[in-house]
Amino acid sequence: MYIDIFVDADATPKPVLSITHRLGQQHAAQVITVSSINHHIEGENHIQVDASPQATDMEIVRRIRADRKTVVITQDYGLAAMVLARNAKAVSPGGKIYTPDNIDSLLAERAISAKLRRSGKVRMRGPKARTEADNERFERALSEILEAFSDD
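Residue numbers for the sequence shown follow this note's numbering, so the first one is 3 and each next one is one higher.
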């Protein structure tokens, strides 16, 4: 069985890309980065799409094939939901494995946060600085998914 790892590379931290390439090589997986033309990503398996808001997400979903095991690395809950609907796996750069059991609540949280931000009543802070613990958590999560693919 072939394994594809798609990386939503528009906002993926460099350490995540390095870990993904290393684990992909260890598991004989094809790593494909996808980004809009607004982001410069180096690599032999890179797909660049236009700058429209959902172009990267739609390109990744379009490329998920039933005859291949697929994992998508993204921090976008909407993309993760589409990936799960296609029977693929999804994991965040922080190491959160998205599942049918947690995706609905994550999407609901996102909607509530967006509504609060639009109201102007709540000001959200940006993400915390990335730590080595984040990298380790991501590596463990991606390894877990790839090892489960190997067991199938």
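Built from N, CA and C at the ideal position, the CB exists for glycine as well.
Could you pull the start and end residues of the alpha helix (DSSP H) that residue i belongs to?
i: residue 58; result: 57-65
i: residue 22; result: 16-28
i: residue 147; result: 134-153
Could you have a look at residue i and say whether DSSP puts it in helix, strand or coil?
i: residue 106; result: helix
i: residue 11; result: coil
i: residue 87; result: helix
i: residue 127; result: coil
i: residue 80; result: helix
i: residue 44; result: coil
For the beta strand (DSSP E) that residue i lies in, which residues bound it at each end?
i: residue 49; result: 48-51
List the residues that DSSP assigns as beta-bridge partners of residue i.
i: residue 100; result: 92
i: residue 6; result: 32 and 72
i: residue 38; result: 51
By a C-beta neighbour count over all protein chains shown, 10 Å radius and 16 as the cutoff for buried, is residue i buried or exposed?
i: residue 2; result: This structure does not reach residue 2, given that the chain is present from 3 up to 154, and the question cannot be answered.
i: residue 107; result: exposed
i: residue 54; result: exposed
Cβ pair count under 8 Å reaching 3, the segment 21-29 against the segment 132-143: yes
Across the segment 86-101 and the segment 56-69, are there enough close Cβ pairs to call them in contact, namely three or more that are closer than 8 Å? yes
How do the segment 24-44 and the segment 92-103 stand: do at least 3 beta-carbon pairs fall below 8 Å, yes or no? no
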